[in-house]
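Quick notes on the structure that follows.
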Amino acid sequence: MALVLAPEQPLPFWLEALDAQIAHAPAFFDSRPVILDFGLLPPDQPNVAELIQNLADRGIRIIGTEGAHPSWPGIAKWGGPIGPAGATSRGDAARRPAGRVLAVAEEPRQEARQEARPQEAMSAPQAAVGPVEGPTLLVEQALRSGQQIVHEAGDVTILGAVAWGAEIIAGGSIHVYGALRGRAIAGFCGNKRARIFCRRLEAELLAIDGLYRTAEEWDPALHGAPAQAWLDGETMMLAPMD
Amino acid sequence: MAQVVVVTSGKGGVGKTTSTAALGAALAQGGENVVVVDFDVGLRNLDLVMGAERRVVFDLVNVVQGDAKLHQALIRDKRLENLALLPASQTRDKDALTSEGVTRVVGELRDKFDWILCDSPAGIERGATLAMRHADVAVVVTNAEVSSVRDSDRIIGLLDSKTEKAERGQRIPKHLLLTRYDAARAARGEMLKTEDVLEILSIPLLGIIPESQEVLRASNVGAPVTLANPTSSPARAYAEAARRLKGEQIRVSVPAERSGFFGKLFGRRAVA
Chain A
172 MALVLAPEQP LPFWLEALDA QIAHAPAFFD SRPVILDFGL LPPDQPNVAE
222 LIQNLADRGI RIIGTEGAHP SWPGIAKWGG PIGPAGATSR GDAARRPAGR
272 VLAVAEEPRQ EARQEARPQE AMSAPQAAVG PVEGPTLLVE QALRSGQQIV
322 HEAGDVTILG AVAWGAEIIA GGSIHVYGAL RGRAIAGFCG NKRARIFCRR
372 LEAELLAIDG LYRTAEEWDP ALHGAPAQAW LDGETMMLAP MD
Chain B
7 MAQVVVVTSG KGGVGKTTST AALGAALAQG GENVVVVDFD VGLRNLDLVM
57 GAERRVVFDL VNVVQGDAKL HQALIRDKRL ENLALLPASQ TRDKDALTSE
107 GVTRVVGELR DKFDWILCDS PAGIERGATL AMRHADVAVV VTNAEVSSVR
157 DSDRIIGLLD SKTEKAERGQ RIPKHLLLTR YDAARAARGE MLKTEDVLEI
207 LSIPLLGIIP ESQEVLRASN VGAPVTLANP TSSPARAYAE AARRLKGEQI
257 RVSVPAERSG FFGKLFGRRA VA
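Going down the list, the sequences are from chains A and B. In my numbering, each residue's number is its place in the first sequence (first place is 1) plus 171. In my numbering, each residue's number is its place in the second sequence (first place is 1) plus 6.
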């Protein structure tokens, strides 16, 4: 999942607060693509390049920016506003056959790094905002612990089970015909209509369009039942399917 | 054709070394030419279980690095002449193993033996991935408890991505060996149910080995349990597992069957 960082004035204080958070959770930004939202900064902010360098020094990988003023020096390198994270920059991942995606699943970090190179973000067509409808990714095997599937262009259908510690990230809906024990993140590119369906709900976490619920937050009676999750406004709904 | 078997689990203490020794000895008792290889460089134990700890001169690291010839490092078992051990080094660490060296040694072993059983170190790092690298078949050793099952699932994922076979687009056959099975605790519901473990890992069952004092007793006298006490229940379970590994179809029996319930359970063959 991409995180959005929104720096505010005065920047030294903001960076200090950021450092405190990193000290508190050192692995928090590991392998997470980050979008920098300049919306809270005044338009005359001159030190964008320095700020980006400051974040890079902290190991934060910025894949794009939002709300930058075109006149800022150095911002051209970051390509100005981009669409939802990866909606376009990871297009090639979406075109890969399922087997390939599984084969690389053991190196999600490296994969993410390659896909999130800034130059790719730069070449992104700027109009691509909003939900993406694309081909469904069909995975015929089980997803094992530690494996990750990222398919931002459409739905993901898994015929097997999704183990604890496995993760599916889909731009569209997620369908799991086995037991769902890991994490399912649907509607990743801002698709509020995405849903999660599973034959057996034993998941660690469900998320749709950035809203998430962990297993602690739903009725234990749902555990082990066929279930679906969807968004009703800003609330994630979860119900058994008979 | 030689079969390279990796005995692996992710988690430590589940019984990989015991199982490698017992399966290796059982295969050798059946007339196969067998070598057991200790990949746990730095924490070697297989030599102890095989009763060869005082005969180690050269080891896997020496052979991998070209300091010794393979035949110098191989230790023939005193009880079975068609059983050999390639010990690990205790004074080195896993970085001493090079990928090319391991490839060469496994290739040489393939020429000499019918079965090459690789005892993997715990974990998912370099040592474990090198041990599984050239495997034709994997035996995933698991205890019926959540952390062990979860780690085994992770290992199965690695077997499907990090092995030579997987990189060629083939699938490596994986078998589940459920070890340290305690019938009394199972009856009290203190362990995961066998059917749940099978459902979660969804690989075929090679055998269920009961928790037994015999295993400890055998390793104390430095013998695989299948040699130390062939009539004991763990030895018989290992012997059957070894025959299944060779492709025989034998029904899996659950230790200390209480009623028809488990019989019914395993009436169906384990999931493929």
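Note that CB positions come from ideal geometry on N, CA and C, so glycine has one too. Please read all numbers here as calculations on a predicted model, not as lab measurements.
| Query | Result |
| --- | --- |
| Pop quiz: arginine 160(B) and leucine 212(B) are said to be a contact at Cβ under 8 Å. What is the actual Cβ separation, rounded to whole angstroms? | At roughly 19 Å, the Cβ-Cβ gap does not stay under 8 Å, so arginine 160(B) and leucine 212(B) are not in contact. |
| According to DSSP, is proline 411(A) helix, strand or coil? | strand |
| Output the distance between the C-alpha atoms of glycine 325(A) and glycine 305(A), rounded to the nearest integer angstrom. | 5 Å |
| Just checking, does the segment 378-398 of chain A make contact with the segment 115-129 of chain B on the three C-beta pairs under 8 Å criterion? | no |
| If you drop the 5 nearest sequence neighbours on each side, which residues of the same chain put their C-beta closer than 8 Å to that of tryptophan 335(A)? | Ser316, Arg352, Gly353, Glu375 |
| With a threshold of 6 Å on Cβ separation, who are the neighbours of serine 225(B) within its own chain once the five nearest residues in sequence on each side are excluded? | Val55 |
| Give me the DSSP bridge partner(s) of lysine 118(B). | Lysine 118(B) is not bridged to any residue. |
| Quick check on aspartate 202(B) - is its C-beta less than 8 Å from some C-beta in chain A? | no |
| So alanine 3(B) packs on leucine 89(B), CB below 8 Å; how close in whole Å? | The question about residue 3(B) has no answer here: the residues shown for chain B are numbered 7 through 278. |
| If you draw a straight line from the alpha carbon of aspartate 208(A) to that of lysine 100(B), how long is it in whole angstroms? | 45 Å |
| Any chance you could list the beta strand (DSSP E) runs of at least 3 consecutive residues sitting entirely within the segment 188-275 of chain B, in chain order? | 211-216 |
| Can you give me the start and stop residues for the alpha helix (DSSP H) that threonine 26(B) sits inside? | 22-35 |
| Assuming isoleucine 233(A) and leucine 226(A) make a contact with CB atoms under 8 Å, what is their CB distance in whole Å? | 6 Å |
| Taking only beta carbons into account, state which residues of the segment 315-343 of chain A come closer than 9 Å to chain B, listed in chain order. | Arg315, Ser316, Gly317, Gln318, Gly331, Ala332, Ala334, Trp335, Gly336, Ala337 |
| Distance check for alanine 189(B) and alanine 264(A), CA to CA, integer angstroms please. | The pLDDT assigned to alanine 264(A) is 36, lower than 50, so where the model puts this residue is not dependable; a value taken from the coordinates is nonetheless given after this. For alanine 264(A) and alanine 189(B), the distance between alpha carbons rounds to 48 Å. |
| For my contact list, glutamine 318(A) and alanine 337(A) are in at a C-beta cut-off of 8 Å; report their separation, rounded to the angstrom. | 5 Å |
| Which of the three DSSP states is assigned to glutamate 338(A) in this structure? | strand |
| Between which two residues does the alpha helix (DSSP H) harbouring glycine 381(A) extend? | It is not in any alpha helix (DSSP H) - glycine 381(A) carries neither H nor E in the DSSP assignment. |
| Who are isoleucine 193(A)'s beta bridge partners in DSSP? | Bridge partners of isoleucine 193(A): none, in fact. |
| Is alanine 398(A) helix, strand or coil when you go by DSSP? | strand |
| From glutamate 106(B) to asparagine 51(B), what distance separates their C-alpha atoms? | 24 Å |
| Just checking: is the beta-carbon of alanine 427(A) within a distance shorter than 8 Å of some beta-carbon in chain B? | With chain A running from 172 to 413 in the structure shown, residue 427(A) is simply not present. |
| Considering only DSSP beta bridges, list what phenylalanine 368(A) is partnered with. | His346(A), Gln399(A) |
| Do we get a CB-CB distance below 8 Å when we pair isoleucine 162(B) with the residues of chain A? | yes |
| Please classify serine 154(B): is it buried, with 16 or more other beta-carbons within 10 angstroms of its beta-carbon, or exposed? | buried |
| What distance in whole Å lies between the Cβ atoms of valine 111(B) and valine 69(B), which are believed to be in contact at a cut-off of 8 Å? | 5 Å |
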